[in-house]
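A.B. asks: Pasting a structure below so you can have a look.
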Amino acid sequence: MNKKFVVALVLMMSVSMAGVFAQGAGAPQDPQAAAQAAAAMGSAMKYIAAAIAVGIACIGGGMAVGKIGAAAMGAMSENAELSGKALPFVGLAEGICLWGFLVALFIIIM
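Going by the numbering used here, the first residue of the sequence shown is number 16, and it counts up by one from there.
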């Protein structure tokens, strides 16, 4: 993976986490209000985790489809009979995105 991409991803995650934790820095002294703030923070973390799950799965799926699709098109240009054998692999690579969505759905529901 590209080093600049990894650095940008880590930077975005650290900035988003800093924003979430900064909201909870001025927690009220009332125990009931503190419990509500903690519940809201947990809800925000749940949505951030779901977004990260879908985002990373879609980025990985896109990278896989790009490499497999290029190889499949190259193989089919040489021999047209390989299309039935090459295209299912592209579909399997697209399934990575669906698994990411499924994980995010479970995170939000539970």
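All C-beta atoms, glycine included, are put in the ideal place defined by N, C-alpha and C.
Between Val105 and Ile123, how many whole angstroms is the CB-CB distance? I'm expecting something under 8 Å.
C.D. replies: Their Cβ separation, rounded to whole angstroms, is 29 Å, which puts Val105 and Ile123 out of contact at 8 Å.
A.B. asks: If you compare alpha carbons, which of Met78, Ala55, Lys61 and Ala87 is closest to Gly110?
C.D. replies: Met78
A.B. asks: Could you compute how far the alpha carbon of Gln51 sits from the alpha carbon of Met60?
C.D. replies: 14 Å
A.B. asks: If you count every other CB in all the chains shown that lies within 10 Å of the CB of Val69, and 16 or more means buried, which is it?
C.D. replies: Buried, by the Cβ-count rule.
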